[in-house]
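**Student:** First, the structure itself, so that you have it in front of you.
Residue numbers (this note's numbering): 6 to 915.
And the structure:
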């Protein structure tokens, strides 16, 4: 499997040639003297790529082809290492080194010639092994009428799940039974059988949500960490913030959770629990609670289920029938259609044969369906898929592995790289899509597509992996963007096994790194202090990612001098790993960075989020001129950023937010950052009027705090020229400041999200707002009563958040026909609000409503109950009487009963 390795090297060489061509226009390129040879190298490897798909298909049973493929991968790695080392040395050379530059140039040319010779030799043996060019459409009958099926958006809420009515009914009976002690309900079955899918369907059902006063879902997984599970449950029941939990010892978390749950009817889902010891470690956190409290667990092991509750009757999940499998396959292969379309009826018999091969396993059916949805709808194409799912005496799990591998093999090389990358993340984590996309861009996986940004291409790749069912959507933003994704553990296993074959990645979980591997990416999942053994891999490694969550818990308990000792164990990275493109230290407690960080000139991504960095960064960080992402969020002790950011001319994402006291950033020079796309938090300063803001022509997200009222107009007049900006957040520096009466917003036609924090003496009229505004957030605005009538007439507004101090009047009225497009409304900390009126036909599309600590509000408006589109109503921190009335009387007055969620303690009322 050399396709991924060669594809990655070719993409990186292309990127390097483009970069150096731009440099050569203004100064001396580092490729001067070898550019033509590098171009030849890229072309030769690119030509070899065209044969690798066929070779990869043939190597399974052919040792000679396997060796041939391995040689191609090795020569690609050799080329990558040679060119990157040369670029590094020419960049870092001293005046003395320049004397010897002709000699170095000669050596590099000689080595490139040797590599080109190797490639020719490898290529000459190709025909001997019967390897031919294979295109993605190879083998299709050209006379056959083929067409691609239109693909739906991956953000669609429609879930193609086959209803297992009998299973649902039996589990409803168990979950809704009111018993005096907490009862464990278990769903048991092998991996890929749909345990989690069924549990989610139950968890999100209106009957379940309205029956339990609080509920929580936590993914346990094989990599179980007790603290993570406890924190996950506490987060879901809104008992503590993330920052509060970080400071609390583990046993105190247990006590806190017991106290929160003890007086409520609760439901806690423990998804994918592997061992009895896991249950033994968690059971003390679950009190008796109110009658009817339940714990729902999913497991592959029936003994675990009985160990958790010997009196329970674990529900053994069955496989799908052939008819159910057929319907599920059609839903996935033809999304949006009701079965196989009439004009493609010839595929029906093939579809039925395919589902028989899937053995009733939902995951297998879904993945094959996702594969078929991307294939041409022809008998020939579907027969090839059917032929590749051939087995006779394989175990069930091996059958699934074969099916998943089939779907992986169908991916183009760039998507294979993106998929394999997911294996670097710990099992069971929700992966932030923004972070993932930035990492993909930094790694150089992406093909250039016209004028599209690399991030835009990465988003398309993400959508395609979702559409192919290789990854799952986790959470979605208020405007429909996928915020987090997950990967099924079986697909993660696939990414790890293929990644190991490809020398793509290596995971460390407390094991000693030992001998050198050829792996290009290393991920640390443990707190063990054996990092120095990583130095054996310095020559090959291009990415280091630390996910050692245990490390944080241990270091938190140590004295500061010991912290320094821990930090010193990481200093070898800056000395040895000179060719790193990605360094992710998220959560690793380093106190300072050495000046050697400036030697890592190939870095594209530097993640320092939640480190213990103190005082200021070393000025040498300005040497990182290839850096694309600098993440300094939640660096609570970092006081100042040196004024060298302007040197990072390729910077695309500068992330500075810290909730309490962000590092000083007002002094920064910014006028060179023309590639910057993301600047969600920065202090106001001279950079606004000195050309810094005006030059950020690629900016998409901007957040400025500590603004004076006078400076707001400068910002707004400038952002009118930033045609890519879609999200703007402005925060005034004091309560005395006001937003200007005539805010120039209507010319910001590109703006979709606007957040204003500060007094607004006169809200702009509807026609003065950005015409395409979708989301508006207001804090401390002190709006006049008549302002609501203006907001109601914003034609495209989908999300409105009225936060603390936004509206300080006791009465609030939403007029009929107002807010025609509003989907989400949040009222937060409106301390004076007592009466809220919603007239008929107001908010006709409202789906999600949150009322958060509006403590004087007496009741739910009658007009809200009449909104037929309302799906979810969340109540946070409201008086006991308010929720009691909502649950016992108001609930029955809703035209369509929404899901009710709350954090209110209604213990006192039964």
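Heads up, the beta-carbon is just placed ideally off N, CA and C, and yes, glycines get one too.
Bear in mind the structure is a predicted one, so any value in this text is a computation, not a measurement.
Can you have a look at residue 387 and say buried or exposed, based on whether 16 or more other CB atoms are within 10 angstroms of its CB?
**Tutor:** buried
**Student:** State the CB to CB distance for the pair residue 266 and residue 291, rounded to an integer number of angstroms; the pair is presumed to be in contact (CB under 8 Å).
**Tutor:** The pair is a contact, with the Cβ atoms about 7 Å apart (cut-off 8 Å).
**Student:** Are the beta-carbon atoms belonging to residue 47 and residue 19 less than 8 Å from one another?
**Tutor:** Cβ atoms of residue 47 and residue 19: closer than 8 Å.
**Student:** Please classify residue 731: does DSSP put it in a helix, a strand, or coil?
**Tutor:** coil
**Student:** Below 8 Å on the Cβ atoms is my guess for residue 673 versus residue 655; work out the distance and round it to an integer in Å.
**Tutor:** Actually they do not touch by this definition, with Cβ atoms about 16 Å apart.
**Student:** My parser needs the beta strand (DSSP E) runs of 3 or more residues fully inside the region 725-798; what are they?
**Tutor:** 732-737, 758-762, 780-784
**Student:** Between 599, 657, 878, 304, which lies nearest to residue 829 when the distance is taken from Cα to Cα?
**Tutor:** 878
**Student:** Is the distance from the Cβ of residue 416 to the Cβ of residue 503 below 8 Å?
**Tutor:** no
**Student:** Tell me the DSSP bridge mates of residue 220?
**Tutor:** Under DSSP, residue 220 shares a beta bridge with 272.
**Student:** Determine the extent of the alpha helix (DSSP H) in which residue 252 is found, giving its start and end residues.
**Tutor:** Residue 252 -> no alpha helix (DSSP H), and no H or E assigned at all.
**Student:** Give the secondary structure of residue 513 by DSSP, where H, G and I count as helix, E and B as strand, and everything else as coil.
**Tutor:** strand
**Student:** Where does the unbroken alpha helix (DSSP H) through residue 179 begin, and where does it stop?
**Tutor:** 170-181
**Student:** Counting only the same chain and skipping the five closest in sequence on each side, list residues whose C-beta sits under 6 Å from that of residue 857.
**Tutor:** 833, 881
**Student:** Can you find at least 3 beta carbon pairs, one from the region 770-782 and one from the region 798-809, that sit closer than 8 Å?
**Tutor:** yes
**Student:** Could you give the first and the last residue of the continuous alpha helix (DSSP H) run that contains residue 468?
**Tutor:** 459-472
**Student:** Give me, in chain order, the residues of the same chain whose beta-carbon lies closer than 6 Å to that of residue 790; leave out the 5 immediate sequence neighbours on both sides.
**Tutor:** 814, listed in sequence order.
**Student:** Is the beta carbon of residue 797 less than 8 Å from the beta carbon of residue 764?
**Tutor:** no
**Student:** Return the CA-CA distance between residue 544 and residue 582, expressed in angstroms with no decimal places.
**Tutor:** 7 Å
**Student:** Just grab the DSSP bridge partners of residue 931 for me.
**Tutor:** Within the shown structure, residues of the chain are numbered from 6 to 915, placing residue 931 beyond reach of any answer.
**Student:** Once you ignore the five residues that flank residue 398 on each side, which residues in its own chain have a CB closer than 8 Å to its CB?
**Tutor:** Caution applies to residue 398, whose pLDDT of 43 falls short of 50 and renders its modelled position unreliable; the value that the coordinates give is listed next. So no residue of the chain qualifies.
**Student:** So residue 636 is in the beta strand (DSSP E); what residue range does that whole segment cover?
**Tutor:** Per DSSP, residue 636 belongs to the beta strand (DSSP E) from 634-636.
**Student:** Out of 204, 411, 452, which one is the CA nearest neighbour of residue 51?
**Tutor:** Relative to residue 51, the option among 204, 411, 452 whose CA is nearest is 452.
**Student:** Figure out for me which residue from 651, 252, 771 has the closest Cα to the Cα of residue 630.
**Tutor:** 651
**Student:** Are the CB atoms of residue 637 and residue 643 nearer to each other than 8 Å?
**Tutor:** yes
**Student:** Cβ of residue 586 within 8 Å of Cβ of residue 811?
**Tutor:** no
**Student:** Under the rule that 16 or more other beta-carbon atoms within 10 Å means buried, what is residue 486, buried or exposed?
**Tutor:** With fewer than 16 Cβ atoms within 10 Å of its Cβ, residue 486 is classed as exposed.
**Student:** Taking residue 373 as the reference, which of 328, 474, 39, 196 has the closest Cα?
**Tutor:** The candidate whose alpha carbon is nearest that of residue 373 is 474.
**Student:** Is residue 158 helix, strand or coil by DSSP?
**Tutor:** For residue 158, the pLDDT reaches just 38, beneath the cut-off of 50, and the residue's location in the model is therefore unreliable, although a value from the coordinates is still provided. Reduced to three states, the DSSP call for residue 158 is coil.
**Student:** Can you name, in chain order, every residue of its own chain whose Cβ lies under 6 Å from the Cβ of residue 549, other than the five neighbours on each side?
**Tutor:** 527, 588
**Student:** Is it the case that the Cβ atoms of residue 313 and residue 325 are separated by a distance below 8 Å?
**Tutor:** no
**Student:** Buried or exposed for residue 351, please, with buried defined as at least 16 other CB atoms from any protein chain shown within 10 angstroms of its CB.
**Tutor:** exposed
**Student:** Could you say which of 723, 293, 690 lies nearest to residue 738 if we only look at CA atoms?
**Tutor:** 690
**Student:** Check whether the region 863-874 touches the region 836-849, counting contact only when three or more Cβ pairs, one atom from each stretch, lie closer than 8 Å.
**Tutor:** Contact holds: three or more Cβ-Cβ distances are below 8 Å.
**Student:** So what does DSSP say about residue 644, is it helix, strand or coil?
**Tutor:** strand
**Student:** Could you say if the region 432-448 and the region 595-614 meet the contact criterion of at least three C-beta pairs nearer than 8 Å?
**Tutor:** Cβ pair count under 8 Å is three or more, so yes.
**Student:** What is the DSSP secondary structure of residue 817, counted as helix, strand or coil?
**Tutor:** strand
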